[in-house]
DNA sequence: ATCAACGTCAACGTCGGCGTTGACGAACTT
DNA sequence: AAGTTCGTCAACGCCGACGTTGACGTTGAT
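Protein chains in written order, with our numbering: chain A, 1 to 235; chain C, 1 to 235.
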């Protein structure tokens with residue numbers, strides 16, 4: 001007997017190093033169970049014993065697949081930003097596109113990615129990973145940095161839309177962004193894949209509201225609110 | 001000496017019964033400190049020792065003003081729904097109003113109340129009080145019930161707007177509501193009273209986007225997305 | 001001067017949840 | 001058949017946060 005072998009973290013490391021299909025699959029199952037509960041009850045309210053029950057395992061077995069509760073969270077929300085940023089960068093690099101086209105594309109891409117990665121992305125949104133003060137870890141800082149980067153890219157698209165004369169200039173870019181993000185990110189409270197609506201449908205519907213408004217033609221004649229809004233309220 | 005007098009919960013009860021101005025004021029201060037931290041870090045992540053420090057007291061002193069951490073939360077978010085529901089009922093009772101007028105009113109009322117009750121209402125939004133599974137307490141059930149009631153009233157206003165021909169009928173009422181609520185409730189992530197924009201300004205801006213869209217006139221000519229959206233995506 | 005009430009706080013009991021240990025059967029190896 | 005690896009789990013230590021205790025100055029009433 002080697003003196004210090006049966007240590008769970010070592011067992012986990014070796015298992016992870018072998019990278020067998022079985023192990024990876026079961027690990028994904030555990031992550032899935034955790035993601036489901038994190039989304040349902042929030043990260044802090046979720047007990048590891050619940051995750052274990054959801055996955056059909058003992059709580060201790062969780063540690064064979066993940067080193068800590070934090071690690072579960074990080075692995076769940078780890079990649080969600082990268083795809084979004086990559087997509088935005090690609091759109092930004094395509095010089096043939098207008099700001100509005102870029103904005104529309106990124107909007108649809110985000111919503112469909114929310115759907116595909118369900119519920120991982122919604123956990124990311126719910127847990128407010130971008131908030132300072134959650135933790136001062138390197139990982140948290142990296143997330144925050146990438147979030148800011150994505151924010152800046154979106155704002156740039158919006159500014160393009162304004163400069164190109166398509167988007168109303170009486171609304172500050174930040175409010176454009178918050179309106180857009182609001183409709184989109186609020187989906188984490190109600191959207192469920194397979195619930196009658198696809199992510200694509202939701203995205204296109206919200207985009208059409210954002211661009212053209214929710215009024216009918218006759219409604220638009222009755223209710224006219226296209227004046228510069230902020231100055232109206234100010235004056 | 002009476003055998004069981006110096007009991008903190010009794011002291012609290014008698015103090016609360018007396019209802020002195022001092023006590024009420026200090027209690028409000030404690031609630032305010034808690035609300036600030038609950039909004040910043042979330043309910044579960046906030047330690048009572050932090051609340052105490054924020055209020056400039058010892059942790060034990062908190063219990064002279066509130067019986068538990070839960071009580072703090074409940075008292076913070078307790079009344080936020082009632083005012084909203086009362087406003088909606090008042091609007092619903094006024095037979096001279098159209099659906100759109102009701103919707104506009106409630107939208108502005110909600111946003112300004114978010115501002116006035118800051119940060120209490122944002123704590124309510126953030127902590128997802130409406131979610132089942134948070135707790136099975138009577139209080140939680142009551143909150144859930146009132147949330148549903150408010151939801152139904154909003155949906156009714158939207159249906160009126162559709163039936164009166166003002167709102168687009170190609171978008172299901174639920175999506176109208178989610179778009180509206182999305183823009184509005186997402187403010188809990190970025191809106192800070194005194195940060196350059198009033199709640200009223202935000203509400204009117206978002207309302208104008210919701211009704212008229214974010215496009216300029218020239219943008220509207222270039223980008224036409226007012227067709228029935230869902231069927232387009234489906235077909 | 002005395003006493004009660006008030007606001008406060010150091011110190012304690014308690015408990016729930018995290019992460020680890022060490023061992024047990026099953027399956028696969030040699 | 002003996003050994004090894006794999007997945008699993010009963011049991012433990014530990015810590016941090018909640019809620020309570022009991023007592024201390026201070027203030028105001030008698």
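We put the beta carbon where it would ideally sit given N, CA and C, even for glycine. Computed from a predicted model, the values in this text were never measured in an experiment.
Note that the C-beta distance between residue 181 of chain C and residue 106 of chain C is not below 8 Å. Residues of the segment 211-225 of chain A with a Cβ closer than 9 Å to any Cβ of chain C, in chain order: 211, 212, 213, 214, 215, 216, 217, 218, 219, 220, 222, 223, 224, 225. Note that the C-beta distance between residue 73 of chain A and residue 59 of chain A is not below 8 Å.
Taking CB atoms only, residue 112 of chain A has no neighbour in chain C less than 8 Å away.
The C-alpha of residue 84 of chain A is placed about 11 Å away from the C-alpha of residue 108 of chain A. Per DSSP, the beta bridge partners of residue 215 of chain A are C:167. Residue 216 of chain A is positioned such that its CB atom lies no closer than 8 Å to that of residue 148 of chain C. Under the three-state reduction of DSSP, residue 154 of chain A is assigned to helix. When the five nearest sequence neighbours on each side are left out, the beta carbons in the same chain lying within less than 7 Å of the beta carbon of residue 104 of chain C are those of 207, in order along the chain. Shown here for residue 70 of chain C: not one same chain residue has a beta carbon closer than 8 Å to its own, the five before and five after excluded. Between residue 156 of chain A and chain C, the shortest Cβ-Cβ separation is not below 8 Å. Runs of the alpha helix (DSSP H) lying entirely within the segment 20-66 of chain C and spanning at least 4 residues, in chain order: 21-41, 48-55, 59-65. From the beta-carbon of residue 190 of chain C, the residues of chain A found nearer than 7 Å are 178. For residue 189 of chain A, there is no enclosing alpha helix (DSSP H), as DSSP gives it neither H nor E. Setting aside the 5 residues that flank it on each side, residue 39 of chain C is surrounded in the same chain by 119, 122, 123, each with a C-beta closer than 6 Å to its C-beta; the list follows chain order. Counting along the chain, the unbroken alpha helix (DSSP H) around residue 82 of chain A starts and ends at 80-93. In this structure, residue 150 of chain C places its C-beta atom within 8 Å of the C-beta atom of residue 88 of chain C. Positions of the alpha helix (DSSP H) runs, each at least 4 residues long and wholly inside the segment 120-146 of chain C, are given as 120-126 in order along the chain. In this structure residue 165 of chain C is in contact with residue 218 of chain A, their Cβ atoms being roughly 5 Å apart against a cut-off of 8 Å.
Across the set C:56, C:138, C:144, C:22, the C-alpha of C:144 shows the shortest separation from the C-alpha of residue 127 of chain C. In this structure residue 178 of chain A is in contact with residue 190 of chain C, their Cβ atoms being roughly 6 Å apart against a cut-off of 8 Å. Within 10 angstroms of the beta-carbon of residue 138 of chain C lie fewer than 16 other beta-carbons, which makes it exposed. Along the segment 17-28 of chain A, there is no position whose C-beta sits under 7 Å from a C-beta of chain C.
About 5 Å separates the CB atoms of residue 63 of chain C and residue 8 of chain C; that is less than 8 Å, so the two are in contact. Spatial neighbours of residue 223 of chain C in its own chain (CB-CB distance under 7 Å, excluding positions within 5 residues in sequence) are listed in chain order as 215.
Taking the Cβ atoms as the reference, residue 54 of chain C lies roughly 4 Å from residue 33 of chain C, within the contact range of under 8 Å.
A distance below 6 Å between beta-carbons, with the five flanking residues on each side excluded, links residue 102 of chain A to the following residues of its chain, in chain order: 91, 157. With a threshold of 8 Å between beta carbons, residue 117 of chain C makes no contact with chain A. Not a single CB atom of chain A sits nearer than 8 Å to the CB of residue 147 of chain C.
Per DSSP, residue 112 of chain A is one residue of the alpha helix (DSSP H) stretching across 99-116. Residue-level contact check: residue 48 of chain A does not touch chain C, since none of the beta carbons of chain C fall below 8 Å from its beta carbon. The beta carbon of residue 129 of chain A is closer than 8 Å to those of 77, 140, 143, 144, 147 in its chain, skipping five residues each way along the sequence.
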